[in-house]
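Asker: So the sequences go chain by chain: A and B. Using the numbering used here, you'd call the opening residue of the first sequence number 1 and step up by one each time. Using the numbering used here, you'd call the opening residue of the second sequence number 1001 and step up by one each time. A virtual CB, placed ideally from N, CA and C, is assigned to each residue, including glycine. Since the structure is predicted, the reported quantities are computational estimates derived from the model, not experimental observations. One structure follows; several queries about it will come next.
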Amino acid sequence: GENVEQHPSTLSVQEGDSAVIKCTYSDSASNYFPWYKQELGKGPQLIIDIRSNVGEKKDQRIAVTLNKTAKHFSLHITETQPEDSAVYFCAATHQAAGNKLTFGGGTRVLVKP
Amino acid sequence: DAMVIQNPRYQVTQFGKPVTLSCSQTLNHNVMYWYQQKSSQAPKLLFHYYDKDFNNEADTPDNFQSRRPNTSFCFLDIRSPGLGDAAMYLCATSRLQGGGSPLHFGNGTRLTVT
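This is the structure in structure tokens:
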């Protein structure tokens, strides 16, 4: 089955700096890679996703890159703000898995004012 | 706004006393999921419904059951809660079962077992 590893487990950045979270996956058949942000006391919320036919996707201050050959994908947050503080989860799945997501272990991001 | 609503937000039950958690959605999505999330861990899929078809994960204990009486509602029943079942329970929906259809999560029910 799929295995997703996520690093780092905690990340502290100064407001305005960039944050990068990296994930690797094991199943070369995986073709959908979402990122979820979970704030304290809330459910995970999708912030960006990427499919295997695309190498990079941006949405304002958030970008995701995918390297299919190396089987890794990364989340980049630029100009971080205190409201970016949360736990971020990467995930991977493919159609044959019936949309069952395999999550990474999560990264707790703290943006210091 | 279309959304996934979980009630209650906090639930306290006694060891061995059955408890039911509820989830409703206004997204009209075909698929509904139940996840268990323990502190500082990723969500763990318990089971999901594709329309009325129930799909159980192999490692989900028999103590956990689910019902989906209609498209909008889904329930999680824990027949005999143990201390190890204390967790956040998350309901999610997606429009499709395959092809990377994004999940929409509710804000969860935090279950305490005393």
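1. Tell me where the beta strand (DSSP E) around A:His72 begins and ends.
2. Rounded to whole angstroms, what's the CA-CA distance from B:Asp1077 to B:Lys1017? Just pull it up for me.
3. Among A:Thr107, A:Ile50, A:Thr102 and A:Ile62, which has the Cα closest to the Cα of A:Gln81?
4. When Cβ atoms are compared, which residues of the stretch 1-31 of chain A fall closer than 8 angstroms to chain B?
5. What three-state label does DSSP hand A:Asp59 in the structure shown?
6. Which stretch, first to last residue, makes up the beta strand (DSSP E) that contains A:Arg108?
7. Drop a sphere of 10 angstroms on the beta-carbon of B:Met1088, count the other beta-carbons inside from all chains shown, and report buried for 16 or more, exposed for fewer.
8. Starting from A:Glu5, follow its DSSP beta bridges and name the residues at the other end.
9. By a C-beta neighbour count over all protein chains shown, 10 Å radius and 16 as the cutoff for buried, is B:Thr1114 buried or exposed?
10. For A:Thr93 and A:Trp35, I'd like the C-alpha separation in whole angstroms.
Answerer: In this structure, then:
1. Segment His72 to Ile77, the beta strand (DSSP E) holding A:His72.
2. If I take the Cα positions, the gap works out to 11 angstroms.
3. Answer by Cα proximity: A:Ile62.
4. Residues Asn31.
5. Correct three-state label for A:Asp59: strand.
6. A:Arg108 -> beta strand (DSSP E) spans Thr107 to Lys112.
7. So B:Met1088 counts as buried.
8. DSSP, once it has assigned bridges, lists A:Thr24 as partnering A:Glu5.
9. Under this definition B:Thr1114 is an exposed residue.
10. Approximately 12 angstroms between the Cα atoms of the pair.
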